[in-house]
Amino acid sequence: MAHAESAAESADVAVERFQADRAIAERLRHRRTMVFGALFVLALAASIQVGEVRPDRFVEGIGGLFDYIDRTLPKATGGGLVADAREWYWGLGRWLLMLFDTVVIAFLATTLGAAAGFVLCFPASRNLMRGAAAVFVSRRLLEIARAVPELVYALIFVFAFGIGPLAGVLAIAIHTAGSLGKLFSEVNENADIRPIEGVRAVGGNWFQAMRYGVVPQVLPNFVSYALLRFEINVRSAAIIGFVGAGGIGQELYLVIRQFIYADISALVILIVLTVSAIDLVCERLRHGLIGRESLA
Amino acid sequence: MTDFAASRPLADPRAAYPEVFASPPLQRLRTPAAVAAFAAALGFALWWTGFFDLARIVQGVSKLGWLLQFMFPPAHNGWLGEFAWGLAETLAMAFLGTLLAAVVALPVGFLAAKNVMPNWLLHFGLRRTLDGIRGIDTLIWALIFVNVVGLGPFAGILAIAVGDVGVLSKLFAEAIENVDRRQVEGVRATGAGRVQTMRFGMLPQVLPVMLSNTLYFFESNTRSATILGVVGAGGIGQQLSDRIRVNNWDEVMFIVLMILATVYAIDLVSRNLRVRIIGRQDYRA
Numbered sequence: 007m008a009h010a011e012s013a014a015e016s017a018d019v020a021v022e023r024f025q026a027d028r029a030i031a032e033r034l035r036h037r038r039t040m041v042f043g044a045l046f047v048l049a050l051a052a053s054i055q056v057g058e059v060r061p062d063r064f065v066e067g068i069g070g071l072f073d074y075i076d077r078t079l080p081k082a083t084g085g086g087l088v089a090d091a092r093e094w095y096w097g098l099g100r101w102l103l104m105l106f107d108t109v110v111i112a113f114l115a116t117t118l119g120a121a122a123g124f125v126l127c128f129p130a131s132r133n134l135m136r137g138a139a140a141v142f143v144s145r146r147l148l149e150i151a152r153a154v155p156e157l158v159y160a161l162i163f164v165f166a167f168g169i170g171p172l173a174g175v176l177a178i179a180i181h182t183a184g185s186l187g188k189l190f191s192e193v194n195e196n197a198d199i200r201p202i203e204g205v206r207a208v209g210g211n212w213f214q215a216m217r218y219g220v221v222p223q224v225l226p227n228f229v230s231y232a233l234l235r236f237e238i239n240v241r242s243a244a245i246i247g248f249v250g251a252g253g254i255g256q257e258l259y260l261v262i263r264q265f266i267y268a269d270i271s272a273l274v275i276l277i278v279l280t281v282s283a284i285d286l287v288c289e290r291l292r293h294g295l296i297g298r299e300s301l302a
Numbered sequence: 141m142t143d144f145a146a147s148r149p150l151a152d153p154r155a156a157y158p159e160v161f162a163s164p165p166l167q168r169l170r171t172p173a174a175v176a177a178f179a180a181a182l183g184f185a186l187w188w189t190g191f192f193d194l195a196r197i198v199q200g201v202s203k204l205g206w207l208l209q210f211m212f213p214p215a216h217n218g219w220l221g222e223f224a225w226g227l228a229e230t231l232a233m234a235f236l237g238t239l240l241a242a243v244v245a246l247p248v249g250f251l252a253a254k255n256v257m258p259n260w261l262l263h264f265g266l267r268r269t270l271d272g273i274r275g276i277d278t279l280i281w282a283l284i285f286v287n288v289v290g291l292g293p294f295a296g297i298l299a300i301a302v303g304d305v306g307v308l309s310k311l312f313a314e315a316i317e318n319v320d321r322r323q324v325e326g327v328r329a330t331g332a333g334r335v336q337t338m339r340f341g342m343l344p345q346v347l348p349v350m351l352s353n354t355l356y357f358f359e360s361n362t363r364s365a366t367i368l369g370v371v372g373a374g375g376i377g378q379q380l381s382d383r384i385r386v387n388n389w390d391e392v393m394f395i396v397l398m399i400l401a402t403v404y405a406i407d408l409v410s411r412n413l414r415v416r417i418i419g420r421q422d423y424r425a
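In order, the protein sequences belong to chains A and B.
Numbered per the working numbering, the first sequence spans residues 7 to 302.
Numbered per the working numbering, the second sequence spans residues 141 to 425.
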C-alpha cells in the first residue's frame, strides 16, 4: 500500500516537473517569437522609410507596368500577319548578329574563367595541397574574384579597355573563375585519394599525381559545372551591354531608354528564346555527362 | 562456363574478330575532331572580341595598373554618410523586394502546384508565364521600372519583386507538389474544406522550406541590389557608377569594400537563420 502511494506521489512529482519545464520552454519560445517578430516589424518599417514606399506609388507602379507592357506589344496595322511581324522585327539581321556576339562573349568568358578556375582549384583543395599558405592564397584569390559583381568589373574594364565585348569577356571571365574555382575545389575534396597515392607510389610528382590521379575522376563533374556556368553567363552577357561591355544589352539599353516600345518586346522575346534554347541544349549535355558517370 | 575459354582456344582473336579490336575510323577521329573544333571556336571568339588587338590589350592593362595605384589606399573623402545611406537603401530594396515576391508567390505557388490545381491547361499556362518572367533579368526589370515609376529605390524594389516572383513561385509549387499526402488526407478526413486542407495539411509541411528559400533569395538579392543603382534604381550602385564616371578610384575601392563587408554579414546572419529553420543543409544554386 505504501509502495503504491509513493509511486503515485513520484508520478505526481514527475508530471509537475514536466509541466514546469514545458511552461519554461513555451515561455522561451514565445519570447523568441516576440523578439523575431519585433525585429521583423522594425526592419519592415525602416525599409519602407528608406525605400520611399507609399501605397499610392504601388498602384501607380503596378498599373504603370501593365500599361508599359501593353505599349510594347506590336500593333496590328491591318497589313496582314507577315507584314506586321516584319515591321515588328525590322532589325532582325542586326539583332541576330548582336545575339551571336552575346553568345560568343559567354562562350569565351566561360572557357577562360574555367581555365583559370581549373589552375587555381588544385592548390585551393585542402586534401591535395600540403602547404597551408598556398591554400589560403588561392582561396582568397577565388573569393575576391567571385565576391565583386560582374557589372562592377565590367564598369572598370570598360574604363580601361574601352567600350566593346573585350571588357565584357574579362568581367564575366573573372567572376566565372571565382565561382567555378570554388566548385571545382569542392569536387576535388570529394575525390578518391587512392589513385593519387598510386601515382605517388610509382614515383610521380605532384603535377603527375594531379594529371593522372585526380583529373580523370573529376573531369566529368568539372565539364558539367562549366556548362551550367555557361547558361548563367549567357544571361549575364545579355545585360552586360547596359554599361557598354558588348552584346545585345547595349541595344536593349538604348531602346528602353529611348522608349522605342515595339523594339523592347522584340528584343526581350529574342533574348528569352535564346536563353531557353541554350538552357535546353546544355541540360541535355549535362545529363549525358553525369548519367554516363553514374553508370561507371 | 569455366572451361569456355579452354574448350575454344582462339589462335589469333585479333585476326578472327578484327572489328572488335579496331575502333572504326570515325570513332577514332571523334576526339581530335572535337578538340580541333573547340580550338577553332576559341580562336575565332578571341579574334571576334578583340583579344588579338595587342595595342589595345597593352594599353588596357597599363590603364588597369594605373587604376589600381589610385585605388589604394581606399578613402571615403567625407562621403561616408552618403555611402552608408546607399547601402541602407540597397538592404531595404533587397528586404522589401524579397518580402513582396514571397507574399505574391505564396498563393501563386499553390495555384501552380499540380496537386492543388489539377486542371492541366491552367497549370501549364501559369508555369510558362512564370518561366517567361524568370527569363528576364532583374536588371532589365529595373530599367523598365525606372521608366514606369521614376529613378530611386522604389523602382529597384519592384524590379526585385517581379523578377523573383517567377522563381519563388516555381520553388514553392515544387515544394507543395512534394508534400506528404497522408497528412493532407488526414485533415480532409476530418471534414475540412479545400482551403482548410491547404492551411492545416499542406502549409505546415512546406512553410519551413518556403522560409528558408526566401531567406536564401534575400541573400542573393542583396548582391543584385548592389548593382541596380547602375541603371538608376537606387542603392549603393548609383554612388559606385558615379565615382567611376568621375574617376575617384579610391572612393570606388572604398565602396567595393563596404559592399563586400555588407554582403558577407548578411550571408552570415541569413545562413544562421536558415540553419535554425530547417537544420544544416547544403545549398548549391
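Backbone N, C-alpha and C define an ideal beta-carbon position, used for all residues, glycine too.
Its chain contains 196 as the residues whose beta carbon lies nearer than 8 Å to that of residue 190 (chain B), once the 5 sequence neighbours on both sides are disregarded; these appear in chain order. In this structure residue 174 (chain A) touches residue 243 (chain A) by the C-beta definition: roughly 6 Å separates them, less than 8 Å.
Here residue 365 (chain B) is near residue 234 (chain B), since their CB atoms are less than 7 Å apart. If you draw a straight line from the Cα of residue 212 (chain A) to the Cα of residue 118 (chain A), it comes to about 24 Å. Against chain B, the beta carbon of residue 271 (chain A) has no neighbour under 8 Å; the closest one sits roughly 11 Å away. With a 10 Å radius around the Cβ and a threshold of 16 neighbouring Cβ atoms, residue 184 (chain B) comes out exposed.
Listed in chain order, the positions of the region 145 to 161 of chain A with a beta carbon within less than 8 Å of a beta carbon of chain B are 153, 154, 155, 157, 158 and 161.
Buried is the label assigned to residue 378 (chain B), since at least 16 other Cβ atoms lie within 10 Å of its Cβ. With three or more CB-CB distances shorter than 8 Å, the region 289 to 303 of chain B counts as touching the region 222 to 241 of chain B. For residue 211 (chain B), the enclosing alpha helix (DSSP H) begins and ends at 194 to 211. Taking CB atoms only, residue 314 (chain B) has no neighbour in chain A less than 7 Å away. Of all residues in the region 246 to 262 of chain A, those with a C-beta nearer than 9 Å to a C-beta of chain B are 248, 249, 252, 255, 258, 259 and 262, reading in chain order. Among the CB atoms of chain B, none fall inside 7 Å of the CB of residue 35 (chain A).
Residue contact with chain A for residue 211 (chain B): absent (no Cβ-Cβ distance below 7 Å to any residue of chain A). Under a 10 Å Cβ-count criterion, residue 389 (chain B) is classified as buried, with 16 or more other Cβ atoms of the shown protein chains found around its own Cβ. Residue 362 (chain B) places its beta carbon 7 Å or farther from that of residue 316 (chain B). Per DSSP, the unbroken alpha helix (DSSP H) holding residue 188 (chain A) starts and ends at 171 to 195. Here residue 282 (chain B) has 295, 296, 299, 368, 371 and 373 as same chain residues with Cβ atoms under 7 Å from its own Cβ, once five neighbours each way along the sequence are excluded. Put simply, the region 266 to 274 of chain A touches the region 76 to 87 of chain A. At least three CB pairs are less than 8 Å apart.
Contact note: residue 12 (chain A) does not reach chain B at a C-beta cutoff of 9 Å; the least C-beta distance is about 41 Å. Put simply, the CB of residue 195 (chain A) is far from chain B, with every gap to its CB atoms at 7 Å or more. In this structure, the beta-carbon distance from residue 104 (chain A) to residue 257 (chain A) falls below 7 Å. The alpha-carbon separation between residue 196 (chain A) and residue 194 (chain B) amounts to approximately 41 Å. Spatial neighbours of residue 210 (chain B) in its own chain (CB-CB distance under 7 Å, excluding positions within 5 residues in sequence) are listed in chain order as 389 and 390.
Each residue's CA atom was taken as its position, placing residue 266 (chain A) and residue 75 (chain A) some 12 Å apart.
It is roughly 11 Å from the alpha-carbon of residue 288 (chain A) to the alpha-carbon of residue 281 (chain A). Between residue 108 (chain A) and chain B, the shortest Cβ-Cβ separation is not below 7 Å. Residues of the region 380 to 396 of chain B with a C-beta atom less than 7 Å from some C-beta of chain A are 380, 381, 384 and 396, listed in chain order. The DSSP assignment places complete alpha helix (DSSP H) segments of no fewer than 4 residues inside the region 16 to 97 of chain A at 61 to 78 and 87 to 94, in order along the chain. Going by beta carbons, residue 274 (chain B) and residue 307 (chain B) fall inside the 7 Å limit. Following the DSSP letters along the chain, one finds residue 310 (chain B) inside the alpha helix (DSSP H) bounded by residues 293 to 317.
Distance from the CA atom of residue 288 (chain B) to the CA atom of residue 61 (chain A), rounded to whole angstroms, is 16 Å.
Setting aside the 5 residues that flank it on each side, residue 161 (chain A) is surrounded in the same chain by 249, each with a C-beta closer than 7 Å to its C-beta; the list follows chain order. One Cα belongs to residue 278 (chain B), the other to residue 286 (chain B), and the distance between them is close to 12 Å. Among the CB atoms of chain A, none fall inside 7 Å of the CB of residue 258 (chain B). One thing to note: residue 232 (chain B) has its Cβ no nearer than 7 Å to the Cβ of residue 47 (chain A).
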